[in-house]
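By the UniProt record's numbering, the letter at position 368 of the sequence shown is numbered 368, and the numbering carries on one by one without gaps.
A virtual CB, placed ideally from N, CA and C, is assigned to each residue, including glycine.
In this text the structure is predicted, and so the values were computed from the model without any measurement.
Working notes for the structure below.
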Amino acid sequence: MLGNWSFGDYFKKEAIEMSWELLTKVYGIDPQRLYVTYFEGNPDMGLEPDLEAKELWRSVGVPEDHILPGDMKDNFWEMGDQGPCGPCSEVHYDRVGGRNAAHLVNQDDPLVVEVWNNVFIQFDRQKDKSLKSLPAKHVDTGMGFERLVSALQDKTSNYATDIFTPLFETIQGLTGKRPYTDKYGKDDVDGIDTAYRVVADHIRLLSFAIADGAAPNNIGRGYVVRRVLRRGVRYARKYLDAEIGSFFSKILPALVQQMGDQFPELKKKEQDIKEILDEEEVAFAQTLDRGERQFEKYAASTIKRGEKKLSGADVWRLYDTFGFPEDLTRLMAEEQGLSIDDAEVEVAREKAREASKSVKDAVQTFPKLNVHQISELENEVKIPRPDSDPKYVKGDTTGKVQLIFTGKEFLKTSKDLPPKTPIGILLDKTNFYAESGGQVADTGRIIIDGIAEFKVLDVQEFGGYIVHNGYLEYGELTSGDEVICEYDELRRQPIRSNHTGTHILNHSLREVLGDEVHQKGSLVDQDKLRFDFSHKTGVTLAELKKIEDMSNAYIRQNCKTYGKDVDLDLARQIEGVRAVFGETYPNPVRVVSIGIEVDMLLENPKNPEWRKVSVEFCGGTHVEQTGLIKDLVITEENGIAKGIRRIVALTGEAAHQVQQEAKRFAERIDLLEAMPFGPEKAADIKATQVDLDRLSISTLTKEELKTRFAKIQKGVLDEQKKRQKAESKAAMDTVQGHFKKEENKDAKWFVGHLPISANPKAVAEIITHFKSKDKDKTVYVFSGDKDEAVFHGVYVGTHLSSKGITAEEWTTAVSKVIGGKTGGKEPSRQGAGAEPAKLDEAVSEAEKWLLQKMEELKI
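Written out as structure tokens, the structure is:
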């Protein structure tokens with residue numbers, strides 16, 4: 001979108017004149033191809049036609065039959081139920097020309113399109129729906145960039161312009177399909193032109209969204225990004241026969257080359273965008289084939305029944321099982337002449353959510369295999385331990401159901417179990433990671449497509465037997481069934497990143513803090529890594545910086561990660577190998593090395609060079625190359641027991657997010673620093689202090705921000721002290737100056753408004769001074785401003801207090817005028833006024849009351 005605002009600098013006349021001049025004279029567009037609209041009015045809403053705009057278009061030379069009225073929908077803009085609003089005036093372009101296309105304006109004709117809209121913001125809608133004229137009129141100008149280019153290049157669509165040509169050429173080069181021909185609807189017989197457009201549009205949206213921080217996930221804007229990618233992937237595969245896994249990222253360089261200069265964020269984050277696109281594609285590719293096959297079954301069954309509507313339960317299942325967003329399923333259904341009922345889908349979603357709640361709550365209480373049950377599996381049932389090596393390879397695997405575990409007994413079928421019963425499944429082969437070594441268990445599904453689905457919520461290992469805990473979403477499972485094991489790849493990916501990051505952190509800790517550092521515990525999940533280690537003293541900021549820098553340097557080498565099972569005695573000989581003290585390791589033990597192949601380590605295990613490499617005993621899952629970790633950010637470092645420290649760190653997208661959060665907070669501190677001294681800055685400092693304390697970002701960055709903030713805070717405090725001192729002096733000078741004047745040399749009292757801000761401390765200092773040093777004199781002083789706040793205070797000198805005049809009685813009379821409460825011990829009292837606007841009246845009342853009282857008492 002191209003556009004600009006005028007905030008009172010110009011209005012309708014100038015906007016319309018400039019619009020027409022730019023389009024017809026500067027850009028040279030044929031005026032006969034342009035049509036303009038104006039607001040036709042709405043009597044029911046009390047809105048008159050915008051005849052002013054109509055006349056202005058006529059005055060610049062637009063033919064009468066090219067000036068058209070428009071309704072509220074097309075020609076009136078409103079921010080909401082209340083607030084700024086006003087009529088619009090659009091410019092439409094006829095891509096064909098040589099005809100009168102007035103009847104096609106605003107009729108969704110692809111050959112007659114709006115290229116410009118001037119919004120004349122001239123009203124303010126009130127709560128009662130009435131309109132008030134704004135004191136300053138504004139113009140919001142918006143022009144469609146692609147549409148303008150199509151007009152300038154005389155093309156019949158946006159996609160036929162050179163904006164899309166580089167992307168189409170890249171897509172063609174990747175797929176080998178015919179060139180783009182700009183066909184639409186029924187004319188696009190093979191759907192290839194549509195696929196070109198979908199893929200080009202989607203790579204643009206995805207790249208800009210990810211560059212702006214909208215990482216794909218299942219929530220909010222992140223889910224929009226995920227849906228768009230999956231829809232685009234399906235189009236690319238179905239119509240362009242594209243190989244899915246890194247298709248979109250291969251188009252990315254063409255987009256960056258085309259738009260990277262205008263949008264530098266694309267260049268800066270090209271590698272991040274590529275990695276995210278590839279991760280998402282790979283995750284969806286795992287279920288795309290199966291999901292499409294299942295959709296075809298659902299669609300065929302629906303059509304066979306003579307129905308035209310795909311079941312809401314089927315739509316939900318396609319999303320829940322195969323990751324097909326609802327809009328993608330809708331698109332596929334439309335291709336088959338089927339519709340979708342949104343209400344049915346919502347019912348299915350709610351049923352699934354409610355049914356799973358109680359089972360999910362049972363995650364912590366799933367039954368465990370005891371020694372007797374393990375013995376039963378070994379000696380009576382005689383089933384072998386499962387093959388779990390597939391967990392080290394990306395993607396799904398197939399296995400066979402061995403038994404179903406209820407906690408009390410082993411069953412061969414789930415047939416007689418009540419729905420949603422929490423159970424465990426034992427398989428002969430699995431790619432699910434069972435919780436161990438600090439790494440959390442995988443979640444996911446065990447599936448027989450279209451027949452049964454088992455939700456895996458937790459995975460545990462007992463004596464080598466792996467139990468997949470969860471519940472059956474639908475269908476039945478029986479011993480011998482061949483199933484697809486599908487762990488949640490999008491959850492596993494950050495777990496891998498965090499686990500490899502833990503190894504690198506462990507290595508850096510030893511390098512910086514010394515050999516006495518040993519692992520005492522760890523937690524690796526999808527959100528963070530937590531590492532406990534032995535160290536007698538706290539880790540200094542300088543040491544933390546070295547640790548974080550060294551870890552990130554290791555990551556940026558993009559080292560390959562190697563893993564291999566090795567004889568335990570041989571593995572222990574590797575120089576510098578890290579292991580948890582007291583831990584019992586299996587034989588053989590899995591050795592994970594980052595940057596050097598395990599076989600190379602074993603050729604000369606005592607080589608001192610191996611100390612420079614991260615080598616550990618570990619059965620966890622890891623990234624293939626360290627570059628996938630992206631960054632490691634330490635967010636916490638503290639002691640948890642005597643001689644035991646804990647570090648919490650983030651990697652990957654989570655690390656990027658906290659870096660962005662830190663950047664935003666640094667900008668907030670920049671603004672705070674630039675603010676002039678005053679009440680607003682003081683209030684912002686208090687709010688910033690609270691938010692800074694809660695901020696979860698890099699420990700190092702947070703310390704830097706704290707240092708900057710403390711400097712600002714001290715500057716404000718120093719300025720407050722300086723101003724307080726100046727105000728206190730001004731206040732005291734005012735009161736004492738009154739008594740020093742020749743005409744007041746015998747005066748015993750002073751009532752007045754001090755020339756200072758609302759300053760209770762200055763008021764208190766005056767009262768304290770006269771109470772201790774000038775006890776015979778009486779003062780009633782006011783500080784502040786009638787437009788902001790007021791503080792007031794009184795000291796009744798001995799001359800008047802001895803006659804019966806009290807501070808409480810006096811301030812009570814004044815408070816009746818200015819409001820609020822006062823407090824204190826005779827002969828003084830202080831308070832804050834609740835109605836500052838009555839300041840002058842309160843000062844007068846204070847003086848009037850005293851004079852009346854003195855007259856009554858004959859003083």
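Among all the DSSP beta bridges, which residues are the ones paired with residue i?
{"i": "I484", "result": "T398, I447"}
{"i": "Y159", "result": "Bridge partners of Y159: none, in fact."}
{"i": "H503", "result": "BP columns for H503 are empty, so no partner."}
{"i": "M675", "result": "The partner list for M675 (beta bridge, DSSP) is empty, contrary to what the question assumes."}
{"i": "Q453", "result": "Per the sequence presented here, residue 453 reads as Glu, with Gln not at that position. Beta-bridge pairing links E453 to I447, Y474."}
{"i": "D94", "result": "V112"}
{"i": "V139", "result": "S6, F120"}
{"i": "G213", "result": "Partner(s): none; G213 has no beta bridge."}
{"i": "L467", "result": "Correcting the residue type first, residue 467 is Val in the shown sequence and not Leu. Answer by DSSP bridge pairing, in chain order: Q460."}
{"i": "Q439", "result": "S436, V524"}
{"i": "I340", "result": "L310"}
Let's see if you can read the secondary structure: which residues bound the alpha helix (DSSP H) around residue i?
{"i": "Q736", "result": "699-740"}
{"i": "L277", "result": "270-304"}
{"i": "D320", "result": "312-322"}
{"i": "I374", "result": "371-375"}
{"i": "D327", "result": "326-335"}
{"i": "D840", "result": "839-856"}
{"i": "Y223", "result": "220-240"}
{"i": "F247", "result": "247-259"}
Where do the ends of the beta strand (DSSP E) carrying residue i lie?
{"i": "H792", "result": "790-795"}
{"i": "residue 862", "result": "No answer is possible for residue 862: it lies beyond the span of the chain, which begins at 1 and ends at 859."}
{"i": "V524", "result": "519-524"}
{"i": "L832", "result": "Note that residue 832 is Ala in the sequence shown here, rather than Leu. Here the beta strand (DSSP E) through A832 covers 828-833."}
{"i": "S150", "result": "It is not in any beta strand (DSSP E) - S150 instead sits in the alpha helix (DSSP H) that spans 145-152."}
{"i": "I383", "result": "First-last for I383: undefined, no H or E at that position."}
{"i": "R645", "result": "644-651"}
{"i": "L426", "result": "423-427"}
{"i": "S815", "result": "It is not in any beta strand (DSSP E) - S815 instead sits in the alpha helix (DSSP H) that spans 807-818."}
{"i": "R530", "result": "529-534"}
For residue i, count neighbouring C-beta atoms within 10 Å of its own C-beta (all shown protein chains included) and say buried if the count is 16 or more, exposed if not.
{"i": "E636", "result": "exposed"}
{"i": "Q126", "result": "exposed"}
{"i": "M332", "result": "buried"}
{"i": "K714", "result": "exposed"}
{"i": "T421", "result": "exposed"}
{"i": "R178", "result": "exposed"}
{"i": "residue 870", "result": "The chain is shown only over 1 to 859; residue 870 falls outside these bounds and no answer can be derived."}
{"i": "S614", "result": "buried"}
{"i": "L570", "result": "exposed"}
{"i": "D481", "result": "buried"}
{"i": "I594", "result": "buried"}
{"i": "D128", "result": "exposed"}
{"i": "G86", "result": "buried"}
{"i": "S414", "result": "buried"}
{"i": "P216", "result": "buried"}
{"i": "P679", "result": "exposed"}
{"i": "N4", "result": "exposed"}
{"i": "I184", "result": "Looking at the sequence itself, residue 184 is Tyr, so the reference to Ile does not match. Exposed."}
Taking 8 Å as the CB-CB limit, is residue i close to chain D?
{"i": "L601", "result": "Among the chains in the structure shown there is no chain D, since it carries only a single protein chain."}
Please go through the same chain and pick out, in chain order, the residues whose beta-carbon is closer than 7 Å to the beta-carbon of residue i, but skip the five residues on each side of it.
{"i": "K429", "result": "P386, D387, P390, T397, G399"}
{"i": "K702", "result": "L695"}
{"i": "Q294", "result": "L318, F322, D449, G450"}
{"i": "S246", "result": "D278, E281"}
Who are the near neighbours of residue i in its chain, counting only those whose CB is closer than 6 Å to its CB and skipping five residues on each side?
{"i": "K786", "result": "P836, A837, L839"}
{"i": "G521", "result": "D532"}
{"i": "L2", "result": "M143, F145"}
{"i": "L850", "result": "none"}
{"i": "L628", "result": "none"}
{"i": "A15", "result": "N118, V139"}
{"i": "G464", "result": "R385"}
{"i": "G191", "result": "Y239"}
What does a CB cutoff of less than 8 Å around residue i pick up in its chain, not counting 5 residues either side in sequence?
{"i": "G70", "result": "T37, Y38, F39, E40, C88, E90, N106"}
Curious, which full-length alpha helix (DSSP H) runs of at least 4 residues does the region 555-626 contain? 568-572, 598-603
Segments assigned alpha helix (DSSP H), at least 4 residues, entirely inside the region 62-94: Along the region 62-94, the alpha helix (DSSP H) occurs as fully enclosed runs of 4 or more residues at 72-75, listed in sequence order.
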